[in-house]
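Protein chains: 2
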Amino acid sequence: MNRRSFHRAAEGERRQELIEATLDCISEFGLKGATVRQIAIRAGVTAGLVRHYFESKDQMVAEAYRAVIASLTEKASKVVGDPETRLRDFIAINLTEPVADSRSISLWAAFISQVRVDPVLSEIHREGYLTFRNSLQELLADFLAAKGKPADAETCRAFAIAINGLVDGLWVEGCLAGDLFREGELVAIAMSSVEALLGTSIGNAKQ
Amino acid sequence: MNRRSFHRAAEGERRQELIEATLDCISEFGLKGATVRQIAIRAGVTAGLVRHYFESKDQMVAEAYRAVIASLTEKASKVVGDPETRLRDFIAINLTEPVADSRSISLWAAFISQVRVDPVLSEIHREGYLTFRNSLQELLADFLAAKGKPADAETCRAFAIAINGLVDGLWVEGCLAGDLFREGELVAIAMSSVEALLGTSIGNAKQ
DNA sequence: CGTATTATTATACGCTTGAATAATAGCTAC
DNA sequence: GTAGCTATTATTCAAGCGTATAATAATACG
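Residue numbers (the working numbering), protein chains in the order written: chain P, 258 to 464; chain Y, 258 to 464.
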């Protein structure tokens, strides 16, 4: 009976590896298929180690959810340049890989399905959603102001809700059935839709 | 040791009760909390009965998913009247209860998270999505034609994708955080957004 | 009224789960 | 270099899982 070979990971890396393995398992096998043992196999360790890094499996899953939210929001929140460019990039980033892919929505849906069940996840979700929508609202305020359009808070709020909904909805469609759309079709539809909503051109494609 | 009291249900009702109990459990406890025993308790029967009506738990869950899709699509597909009224009703129905509530999205998300895992659920999903979008596309074709606007297939396709995305996205937002919106706000935003997208009025509120 | 059939309950089984504990291997400091 | 610490593995445990099977109550039918 050979003992498994020891490998001590570099400082702080194991934790991240375990979270990443958790997400891999959830996206591939679903929440109920993401067992401690399966996650450990994916991370290349034994099951017992999980409890050395996390108080419980639930806590590890909650941290994994934070990582998902971060990966879904961080790229879009980092857009730079003039308002028009930022708005275009915001849309494009959310509707192309890696944000828009089947792994992302599997993870997102798995956690959303737990929002009613687990108050911890519920709070993580709400926080992430408001951050996301508020950053979009500020972006729209800048954009409308730059275009010389009315940009009062109420107007921006309504636009942010609508555009956030549009982008989210197209993101879902693209993630779930990307093969039903032509290359770049979703981004193009989103761009022209946002132009129609705002009543303003948002410029050409990036290149 | 008292034996549990017997109650024989009316012809064909038990099956429906079990499916409904399955959905209750999934929405309240998540997919992994929806165990055969919990579902049986909810349905007011004992666990063994499940296997008298279904070949396996998986089969019961798949049928429950069909029921979810049906409940999400049937109301919206039954709109009647002139194209303008139908379009308004389509939007309003999808963004108000009972379609838009937290139970619905919990169920939807639970199943979506399994689409990558289970090919059976994947097929059920795709079928439901295409049916939904196609009925919207036909509705838009009627509407645009009635308004004397160009209504070629390609135009309708793009509008259907965009409006479907918008409505779905707002549905998600409303289901997950209905308290962040004022009464009727989502419907109002959806109506004016669709008007902007189509470049046409879609009339007043119903009353 | 008696018997066959079916719906339902009750119990048992093998397996997997998350977690607890004990043993061990590698790292660090003196 | 060796003592002590901690990361890691190995093993064990009770609980819960889906399912199978047997017993029993209600119904249907002659």
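Cβ coordinates follow ideal geometry from the N, Cα and C atoms, glycine included.
Predicted model, so just to flag it, every value in this text is computed and none were measured.
Using a cut-off of 9 angstroms between C-beta atoms, extract the partners of residue i located in chain P.
i         : result
Ser370(Y) : Ile283, Ser284, Gly287, Leu288, Ile362, Ser363, Leu364, Trp365, Ala366, Ala367, Phe368, Ile369, Ser370
Val377(Y) : None at all; the shortest Cβ gap to chain P is about 13 angstroms.
Applying the 10 Å Cβ sphere with the 16-neighbour rule, what's the burial state of residue i?
i         : result
Glu354(P) : exposed
Ser313(Y) : exposed
Glu430(Y) : buried
Asn351(P) : buried
Met258(P) : Note that Met258(P) scores a pLDDT of 43, beneath 50, so its modelled location is shaky; the value from the coordinates is reported in the next line. Classification for Met258(P): exposed.
Ser450(P) : buried
Thr279(Y) : buried
Arg439(P) : exposed
Asp436(P) : exposed
Leu387(Y) : exposed
Val424(P) : buried
Ala300(P) : buried
Ala410(Y) : exposed
Ala402(Y) : exposed
Quick one: list the residues of chain Y neighbouring residue i, beta-carbon separation under 7 angstroms, in chain order.
i         : result
Gly441(P) : What Gly441(P) touches in chain Y: nothing, since even the nearest Cβ is about 13 angstroms away.
So, for residue i: in the same chain, excluding its five sequence neighbours on each side, which residues have a beta-carbon less than 6 angstroms away from its beta-carbon?
i         : result
Lys463(Y) : Residue confidence is low: Lys463(Y) scores 42 on pLDDT, short of 50, so the model does not pin down where it sits. No coordinate-derived value is stated.
Arg265(P) : none
Ala398(Y) : Ala408, Cys413
Lys404(P) : Thr457
Gln394(Y) : Cys413, Ala417
Leu347(P) : One point to set straight first is that residue 347(P) is Phe, not Leu, in the sequence displayed. Excluding positions up to five away in sequence, the list reads Ala333, Val336.
Leu443(Y) : Leu352, Leu427, Gly431
Quick one: list the residues of chain Y neighbouring residue i, beta-carbon separation under 8 angstroms, in chain order.
i         : result
Asn421(P) : Gly426, Glu430
Looking at residue j and residue i, is the spacing between their C-beta atoms short of 7 angstroms?
i         : j         : result
Glu320(Y) : Gly460(Y) : no
Ser392(Y) : Ser458(Y) : no
Ala445(P) : Leu427(P) : no
Ser370(P) : Gly287(Y) : yes
Arg373(P) : Ala417(P) : no
Ala453(Y) : Ala366(P) : no
Ile326(P) : Gly385(P) : yes
Ala357(P) : Cys432(P) : yes
Lys289(P) : Lys406(Y) : no
What does residue i touch in chain P if you count any residue whose Cβ is under 7 angstroms from its own?
i         : result
Ile446(Y) : Ala415, Ile418, Ala419
Ser359(Y) : Arg373
So which residues on chain P does residue i lean against when the C-beta distance must stay under 8 angstroms?
i         : result
Ala434(Y) : Arg383, Tyr386
Leu454(Y) : Ser450, Ala453, Leu454
Arg272(Y) : Correct list: empty, because the minimum Cβ distance to chain P is about 24 angstroms.
Take residue i and list the residues in its own chain whose beta-carbon comes closer than 8 angstroms to its own, dropping the five residues that flank it on each side.
i         : result
Tyr310(Y) : Arg271, Arg272, Leu275, Met317
Leu396(Y) : Val336, Pro340, Arg343, Leu344, Phe347
Ser379(P) : Val372, Arg373
Could you name the residues of the same chain whose beta carbon sits closer than 7 angstroms to that of residue i, not counting the 5 residues immediately before and after it, in chain order?
i         : result
Arg360(P) : Ser284
Phe400(P) : Pro340, Glu341, Leu344
Val293(P) : Ala304, Val307, Lys314
Ala297(P) : Thr303, Ala304, Leu306, Val307
Gln295(Y) : Cys282, Phe286
Lys332(Y) : Ile350, Val356
Gly441(P) : none
Thr330(Y) : Gly385, Thr388, Phe389
Tyr322(Y) : Phe368, Leu378, Ile381
Ala419(P) : Leu454
Ala415(Y) : none
In chain Y, what lies closer than 9 angstroms to residue i by C-beta?
i         : result
Ser328(P) : Those within 9 angstroms of Ser328(P) in chain Y number zero; the least Cβ separation is about 17 angstroms.
Beta strand (DSSP E) runs wholly inside the stretch 419–446 of chain Y, at least 3 long, in chain order: DSSP runs (the beta strand (DSSP E)) wholly in the stretch 419–446 of chain Y: none.
Any alpha helix (DSSP H) of 4 or more consecutive residues that is wholly inside the stretch 290–370 of chain Y: Fully contained in the stretch 290–370 of chain Y are the following alpha helix (DSSP H) runs of length 4 or more, in chain order: 293–300, 307–310, 314–334, 340–352, 359–369.
Start-end ranges of the alpha helix (DSSP H) lying completely within the stretch 370–413 of chain Y, minimum 4 residues: Runs of the alpha helix (DSSP H) inside the stretch 370–413 of chain Y: 376–403.
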